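Participant: Letter by letter, the sequence shown follows residues 15 to 91 in the numbering used here.
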Amino acid sequence: MKKINIGLLGFGTVGAGVAKILVENREVLRSRVGADLNLKYVADIDMKTDRGVRLDEGVLISDAEKVLDDPDIDIII
15 MKKINIGLLG FGTVGAGVAK ILVENREVLR SRVGADLNLK YVADIDMKTD RGVRLDEGVL
75 ISDAEKVLDD PDIDIII
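Written as structure tokens, this is what we have:
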């Protein structure tokens with residue numbers, strides 16, 4: 015199955031909502047889209063505030079340039 019890597023810029027109210035949908039509905043989205051939607055990076059300057067979304071280790075980063083410069087990222091939100 016195809017894998018689509020997603021980079022998310024901002025992890026405030028809207029960004030956390032998007033991340034939550036991608037993480038909690040991964041299987042449903044996979045079946046509807048026909049591809050694995052992989053949240054590769056979430057970039058935000060605030061690395062400490064709990065937003066109620068469980069992200070894998072290394073997904074939350076403080077450097078937005080890393081998201082923008084990564085050639086493996088297919089979609090930036």
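The beta-carbon is built from N, C-alpha and C at its ideal position, and this holds for glycine as well. Here the structure is a predicted model, which means the values were calculated and not measured.
#1: How many Å lie between residue 75 and residue 91 at the Cα?
#2: Is it right to say residue 20 is buried, meaning 16 or more other beta carbons lie within 10 angstroms of its own, or is it exposed?
#3: Among residues of its own chain, excluding the 5 on either side of residue 50, which ones have a beta-carbon nearer than 6 Å to its beta-carbon?
#4: Would you call the CB atoms of residue 5 and residue 81 closer than 7 Å?
#5: Please name the residue in 72, 71, 55, 59 whose C-alpha comes closest to that of residue 88.
Facilitator: Based on what the coordinates show:
#1: 15 Å
#2: buried
#3: 15, 17, 44
#4: The first residue shown for the chain is 15 and the last is 91, placing residue 5 beyond what the model contains.
#5: 55
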